[in-house]
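Per the working numbering: the sequence shown ends with 790, consecutive numbering throughout.
Just so it is clear, CB atoms sit at the ideal spot from N, CA and C, and this is done for glycine as well.
Remarks on the structure that follows.
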Amino acid sequence: MKLSKALQGFELYLNARRYSEATLSDYRTALRKAVVFLDDPVVEKVTRHDLERFMAWLATEYQPAKRAGTDWRLSNKTLKNHWIAIRSFYNWAERDLNIARPDEKLEPPEVSSPDIQPFNEDEIVAILQNIDFSKQAATAGRASFRMALPDAARNRAIVLTLLDTGMRVSELTRLNIEDVDLEQGQITLHPHRSGRKTRGRTVFIGRKARMANWKLISESGAAVGPLFVNRSTGERLTRSGIQSSLDRIEGASGVANIYPHRFRHTFAIQYL
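Structure representation (structure tokens):
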């Protein structure tokens, strides 16, 4: 059996066990890289040396297309996530496919606890002042300029909601319009894959976040459905879609390292 075929079975297993979408996405991304790097071998013939080569390639050579030609490399935390995906896959394969585990002595990358810095007041102001526009651009014979972004209302609602609630990005992507009570200024967060009757937890948003969400919902014209939507596809915005939006804000504002968990950390510090 080819490795790619075995991965299909592993994904079915993860779905049956109701793993979160975030975990499914992480495992799928990591293991599909292994399929490509190893040229989709027969699963029983993968060796520890193959896996060590794969991990070394990830650490020293791998770059996504948008980072090509730079000195960008995967963080140790991301490498550790790839290692965890490999271990999880072979734990399943040993049990369900009855194959020996080549990952048994595969060393995990060392990961130190990151020192996450909350946004300071000046950074928050810069972020909010630059959400609506692209970063500065210039062409020959023309003064530098900035373009208004079509997703500005959505991105402002995302940033203000993260700042006010400290919710996880996985919770943010699951939000529906009907979860937002603008009159009370509260949002109901439902557990992953729970039924709508499952009682969620409630978080609160302030005046600015309320107005941003009101504008977003009003412009959409919808009464139900995903709160944050990919404008191009009409589908629910994913974690990577949210990060792409934050990357654009980073470029426009000049504030470095804008990512969802930093908003969560900022929220936690504010309420200590």
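Best match in the options for proximity to residue i [C-alpha to C-alpha]
{"i": "residue 727", "options": "763, 681, 749 and 696", "result": "681"}
{"i": "residue 620", "options": "784, 568 and 699", "result": "568"}
{"i": "residue 769", "options": "600, 645, 590 and 547", "result": "645"}
{"i": "residue 577", "options": "639, 668, 551 and 523", "result": "551"}
{"i": "residue 684", "options": "737, 720 and 652", "result": "720"}
{"i": "residue 544", "options": "595, 589, 570 and 581", "result": "595"}
{"i": "residue 764", "options": "752, 651, 639 and 613", "result": "651"}
{"i": "residue 760", "options": "641, 772 and 777", "result": "777"}
{"i": "residue 775", "options": "642, 654, 617 and 527", "result": "642"}
{"i": "residue 601", "options": "762, 725, 617 and 546", "result": "546"}
{"i": "residue 604", "options": "535, 738, 570 and 701", "result": "570"}
Cut-off 6 angstroms between Cβ atoms - residues of its own chain near residue i, not counting five sequence neighbours on either side
{"i": "residue 754", "result": "744"}
{"i": "residue 525", "result": "549"}
{"i": "residue 731", "result": "675 and 698"}
{"i": "residue 706", "result": "697, 718 and 720"}
{"i": "residue 785", "result": "684"}
Where residue i sits in the DSSP three-state scheme
{"i": "residue 637", "result": "coil"}
{"i": "residue 553", "result": "helix"}
{"i": "residue 520", "result": "strand"}
{"i": "residue 774", "result": "coil"}
{"i": "residue 677", "result": "helix"}
{"i": "residue 534", "result": "helix"}
{"i": "residue 560", "result": "strand"}
{"i": "residue 655", "result": "strand"}
{"i": "residue 786", "result": "helix"}
{"i": "residue 670", "result": "helix"}
{"i": "residue 610", "result": "helix"}
{"i": "residue 619", "result": "coil"}
{"i": "residue 581", "result": "coil"}
{"i": "residue 628", "result": "coil"}
{"i": "residue 664", "result": "coil"}
Beta-carbon proximity of residue i to residue j, cut-off 8 angstroms
{"i": "residue 561", "j": "residue 598", "result": "no"}
{"i": "residue 747", "j": "residue 694", "result": "no"}
{"i": "residue 637", "j": "residue 780", "result": "yes"}
{"i": "residue 556", "j": "residue 572", "result": "yes"}
{"i": "residue 566", "j": "residue 624", "result": "yes"}
{"i": "residue 749", "j": "residue 668", "result": "yes"}
{"i": "residue 553", "j": "residue 522", "result": "yes"}
{"i": "residue 463", "j": "residue 532", "result": "Look at the range of the chain in this structure, 519 to 790, and you will see that residue 463 is not part of it."}
{"i": "residue 723", "j": "residue 703", "result": "yes"}
{"i": "residue 528", "j": "residue 610", "result": "yes"}
Proximal residues to residue i (C-beta, below 8 angstroms), its chain only, five neighbours per side dropped
{"i": "residue 688", "result": "538, 539, 540, 710 and 757"}
Own chain partners of residue i with C-beta closer than 7 angstroms, once the 5 adjacent residues on each side are dropped
{"i": "residue 649", "result": "670, 673, 674, 677 and 767"}
{"i": "residue 733", "result": "671"}
{"i": "residue 772", "result": "644"}
{"i": "residue 575", "result": "555"}
Checklist entry - Curious, which full-length beta strand (DSSP E) runs of at least 3 residues does the segment 687-757 contain? => result 704-707 and 719-722
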